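According to my numbering, the residues represented by the sequence shown are -8 to 341, in order. The beta carbon of each residue, even a glycine, is placed where N, CA and C say it ideally should be. Note that this is a predicted model, so its numbers are computed, not measured. A short worksheet on the structure shown next.
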Amino acid sequence: MEEEVPSIPGNAGIDPVVALECPWIEKYRPETLNDVVAHKDILTTLDRFLEQDRLPHLLLYGPPGTGKTSTVLALAKKVFGPKYKSMTLELNASDDRGIDVVKKEIKDFAGTRTIFGLIVLLCRTGFKMIILDEADNMTQTAQFALRRIIENYTANARFCLICNYVNKIIPALQSRCTRFRFSPLTSADIQGNLERILDKENIKATPDALKAVEKISGGDMRKCLNILQSSSMASKEVTVESIYECTGDPNPSDVMWITHSLCNDSFEDCYHKIFEIQREKGLALIDIVRAVHEQIIKHDLPSVPFCRLLESLSDLEYRLTAATNEKIQLGSFVGMFGQLKEELASQPCK
Ligand SMILES: Nc1ncnc2c1ncn2[C@@H]1O[C@H](COP(=O)(O)OP(=O)(O)OP(=O)(O)O)[C@@H](O)[C@H]1O
Ligand SMILES: [Mg+2]
-8 MEEEVPSIPG NAGIDPVVAL ECPWIEKYRP ETLNDVVAHK DILTTLDRFL EQDRLPHLLL
52 YGPPGTGKTS TVLALAKKVF GPKYKSMTLE LNASDDRGID VVKKEIKDFA GTRTIFGLIV
112 LLCRTGFKMI ILDEADNMTQ TAQFALRRII ENYTANARFC LICNYVNKII PALQSRCTRF
172 RFSPLTSADI QGNLERILDK ENIKATPDAL KAVEKISGGD MRKCLNILQS SSMASKEVTV
232 ESIYECTGDP NPSDVMWITH SLCNDSFEDC YHKIFEIQRE KGLALIDIVR AVHEQIIKHD
292 LPSVPFCRLL ESLSDLEYRL TAATNEKIQL GSFVGMFGQL KEELASQPCK
């Protein structure tokens, strides 16, 4: 008797064996426009374009993990159905997209009409789709070349440009496209999607843990799913502790404790306390600096010393991204608060 293959929770269309090992970000990539969480106004507009058969060239931009690529892929599936792979040319940053590719590959693809109108009938449309993902990495020359190509091949092809930084797209290209901004996902959208996925995966998570994932991710659904999947592999129940252990971010209680020490202890005590907690929990100084900054910004401090502190913190963050010596930078970090304390003490009482 044949053994029954267990059904895999999540989206359809994935081989069950592959789905078991699949990262959640791919397993739960939206298959249709309806599966895309949030951005309902954008999705409704795209639907309306399709209904009226007037799909323009598109430029989708916004921070990572907000659903830009997923939306365009779901759109292509809706337009072309099962033939979508042969009707779309997808190029991303890992492909060479210099002037030669724009001139040759895109021109070749956009320049050929569908075979004898056969695919046209099957797909309800006479155009092909060219998806230029991570378009902000395209060279300026390639972008300039694309201006003419977009104009010349509008009858045959629709271009979908996707990027994080819209300023890196030349204005002439921007004006040829209808722009949509994908903003970071809201708390409700993230919580709803995470709960749905945890339910399908049959994994338990505390509400505080989901709040922590949301906070760390900053509205990036890809980051949320990656954190949740690794954390669920490490422990039976996903908790706040397992989330912070998994990401290596400082736990909120540690951040409170560090901030308290920075504001109250002597230089020496504070330096050693932070050094110890870093060693014990494997925390990077840059993550501590960012977390303390978030705490500090909530306080109501006199403006001059406060601005000086914020400026120093921003310089420190910059230095830390340049792989400087962490011990020396930790000294500078603790020193900033010593200076702040002195400045506050020397201020005349009001
Ligand atoms: N709005 C969303 N609805 C549902 N899932 C989402 C959404 N946004 C992101 N995801 C999840 O995150 C994964 C990555 O999303 P996607 O590739 O669409 O992001 P992106 O906006 O293109 O990011 P990047 O700018 O880094 O390319 C998807 O496979 C999906 O699992
Ligand atoms: Mg993308």
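Paired residues, beta bridge with residue i - DSSP
{"i": "Y52", "result": "C154 and R172"}
{"i": "E81", "result": "I122"}
{"i": "E17", "result": "Answer by DSSP bridge pairing: none, since E17 is not bridged."}
{"i": "E228", "result": "K195"}
{"i": "R149", "result": "M120"}
Cβ-Cβ separation, residue j to residue i (assumed contact under 8 Å), whole Å
{"i": "F266", "j": "L201", "result": "Contact flag wrong, Cβ pair sits at about 32 Å."}
{"i": "L253", "j": "V204", "result": "Not confirmed; about 27 Å, so no contact."}
{"i": "T57", "j": "G210", "result": "7 Å"}
{"i": "A29", "j": "L176", "result": "5 Å"}
{"i": "F385", "j": "I121", "result": "The first residue shown for the chain is -8 and the last is 341, placing residue 385 beyond what the model contains."}
{"i": "D127", "j": "I160", "result": "6 Å"}
{"i": "I33", "j": "F171", "result": "5 Å"}
{"i": "N184", "j": "E125", "result": "That pair is no contact at about 24 Å."}
Neighbourhood of residue i by C-beta, 6 Å cutoff - its chain only, sequence neighbours within 5 removed
{"i": "S303", "result": "M327"}
{"i": "D240", "result": "I207 and D278"}
{"i": "A196", "result": "L189 and V229"}
{"i": "W15", "result": "L216 and Q220"}
{"i": "D291", "result": "none"}
{"i": "F258", "result": "V325 and G329"}
{"i": "K264", "result": "S252"}
{"i": "Y144", "result": "A101"}
Backbone CA spacing between residue i and residue j [nearest angstrom]
{"i": "D256", "j": "E308", "result": "22 Å"}
{"i": "N242", "j": "A67", "result": "42 Å"}
{"i": "V295", "j": "N193", "result": "53 Å"}
{"i": "E236", "j": "G273", "result": "9 Å"}
{"i": "K95", "j": "K31", "result": "37 Å"}
{"i": "K214", "j": "S208", "result": "6 Å"}
{"i": "L331", "j": "T312", "result": "24 Å"}
{"i": "K74", "j": "I319", "result": "58 Å"}
{"i": "R39", "j": "F135", "result": "30 Å"}
{"i": "S233", "j": "T35", "result": "38 Å"}
{"i": "A146", "j": "C13", "result": "39 Å"}
{"i": "S166", "j": "D91", "result": "23 Å"}
{"i": "N158", "j": "R281", "result": "26 Å"}
{"i": "T315", "j": "R270", "result": "18 Å"}
{"i": "S226", "j": "L37", "result": "41 Å"}
{"i": "D44", "j": "P162", "result": "26 Å"}
{"i": "E17", "j": "S305", "result": "36 Å"}
{"i": "D199", "j": "I218", "result": "14 Å"}
{"i": "C298", "j": "A336", "result": "16 Å"}
{"i": "M212", "j": "K76", "result": "25 Å"}
8 Å Cβ cutoff met for residue i and residue j
{"i": "L62", "j": "V27", "result": "Strictly speaking, residue 62 in this sequence is Thr, with Leu absent from that position. A contact, by the Cβ cut-off of 8 Å."}
{"i": "V229", "j": "S223", "result": "yes"}
{"i": "I97", "j": "I140", "result": "yes"}
{"i": "N155", "j": "P55", "result": "yes"}
{"i": "L24", "j": "A65", "result": "yes"}
{"i": "A101", "j": "K119", "result": "yes"}
{"i": "L276", "j": "E334", "result": "no"}
{"i": "T169", "j": "P47", "result": "yes"}
{"i": "S174", "j": "G53", "result": "yes"}
{"i": "L216", "j": "Y19", "result": "yes"}
{"i": "T238", "j": "V283", "result": "no"}
{"i": "K343", "j": "L50", "result": "Shown here, the chain extends from -8 to 341; a query on residue 343 therefore has no answer."}
Near ligand 4: residue i beta-carbon under 7 Å from a heavy atom
{"i": "K59", "result": "What this structure holds is ligand 1 and ligand 2, not ligand 4."}
Cβ-based neighbour list, residue i, same chain, cut-off 8 Å, excluding 5 preceding and 5 following
{"i": "D343", "result": "Residue 343 cannot be examined here, being either before or after the span of the chain that is shown, -8 to 341."}
{"i": "A148", "result": "F100, A101, F118, K119, M120 and I121"}
{"i": "Q338", "result": "P293 and P296"}
{"i": "C261", "result": "S252, L253, V325 and F328"}
{"i": "E142", "result": "R167"}
{"i": "M247", "result": "Q286"}
{"i": "E350", "result": "Here the chain covers residues -8 to 341 and nothing more, so residue 350 does not appear."}
{"i": "I110", "result": "In this prediction, I110 scores a pLDDT of 45, lower than 50, which makes its location untrustworthy; no coordinate-derived value is stated."}
Residues of its chain near residue i, where Cβ-Cβ distance is below 7 Å and the 5 sequence neighbours each way are ignored
{"i": "S323", "result": "L307"}
{"i": "L137", "result": "V93 and L164"}
{"i": "E81", "result": "I122 and D124"}
{"i": "R310", "result": "Q320"}
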